[in-house]
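First residue of the sequence shown: 2, per my numbering; consecutive thereafter. For glycine and all other residues, C-beta sits at the position ideal for the given N, C-alpha and C. For clarity, every value in this text was computed on a predicted model and none was experimentally measured. Quick notes on the structure that follows.
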Amino acid sequence: MPIPVPPPPSEKDVTNEPLVHLAQIARLAGVGRVAVVNWRRRHDDFPQPVGGTVESPTFRLAAAEAWLRTHDKIRNPEPLPPPATVTFTGGQAATLHAPHLLTRNGFTKLGGYIERGLDVPWPTADIAQADVPGHAPFRVERANVDISYLDSPEWQFLLLTWLTERCRPVNPTATSDSSRSGEEHHQ
């Protein structure tokens, strides 16, 4: 079956409706562009192009998404991990949305999105307790604090970085003085 040639745009096609090309449809489905080209050839009900060229046709986004759903080909995004909570020694607490914890080359980084304007110690902070899903609670002495101001009225990105050796497990039954006994302090 030959690939249909896109018709010239008509006045009714010139709208504010979003258009997508083959590579964008492929990203929606989590496949390569070649797979989308093959779907066009094999499925008579694949949406017709509304513009572009023969080599690079464009399609209505809504039609492409509907076709992908009908054929169970749309990729479902992975759910965000549960938020993490960081409580600083001064009592301030921050909820980190979409948290990421990474240890590499002797440094550990914990980052996530926080509400804009949240009172966070800067440029360094002691973390009294960090509760990160999938990890035992821990505390950290002298973490570097970096706050990135996103182009968002609601969110900013908080990145905490520390030497991995400064991280200690939280002992919920011990007081802060007794939990420090016998530990080496890094100044």
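How about residue i and residue j: are their beta carbons less than 8 Å apart?
{"i": "residue 48", "j": "residue 65", "result": "yes"}
{"i": "residue 113", "j": "residue 101", "result": "yes"}
{"i": "residue 85", "j": "residue 97", "result": "yes"}
{"i": "residue 131", "j": "residue 90", "result": "no"}
Would you kindly report the start and end of the unbroken beta strand (DSSP E) that includes residue i?
{"i": "residue 123", "result": "Per DSSP, residue 123 belongs to no beta strand (DSSP E) and is neither H nor E."}
{"i": "residue 54", "result": "Taken as a continuous stretch (DSSP letters only), residue 54 belongs to no beta strand (DSSP E), as it is neither H nor E."}
What's the call for residue i, buried or exposed, on a 16-neighbour Cβ count within 10 Å?
{"i": "residue 163", "result": "buried"}
{"i": "residue 154", "result": "exposed"}
{"i": "residue 21", "result": "buried"}
{"i": "residue 170", "result": "exposed"}
{"i": "residue 18", "result": "exposed"}
{"i": "residue 67", "result": "exposed"}
Starting from residue i and walking both ways along the alpha helix (DSSP H), at which residues does that stretch end?
{"i": "residue 38", "result": "34-43"}
{"i": "residue 26", "result": "23-30"}
{"i": "residue 66", "result": "62-71"}
Out of the options, which one is the CA nearest neighbour of residue i?
{"i": "residue 133", "options": "95, 157, 29 and 158", "result": "95"}
{"i": "residue 110", "options": "166, 37, 38 and 35", "result": "166"}
{"i": "residue 60", "options": "168, 172 and 38", "result": "38"}
{"i": "residue 143", "options": "135, 123, 82 and 43", "result": "123"}
Please check the pair residue i and residue j, which I expect to be a contact at CB under 8 Å, by giving their CB distance rounded to whole angstroms.
{"i": "residue 240", "j": "residue 120", "result": "Outside the modelled stretch of the chain, which goes from 2 to 188, sits residue 240, for which no answer is possible."}
{"i": "residue 148", "j": "residue 159", "result": "6 Å"}
{"i": "residue 76", "j": "residue 36", "result": "With 8 Å as the limit, residue 76 and residue 36 do not qualify as a contact, their Cβ atoms being about 12 Å apart."}
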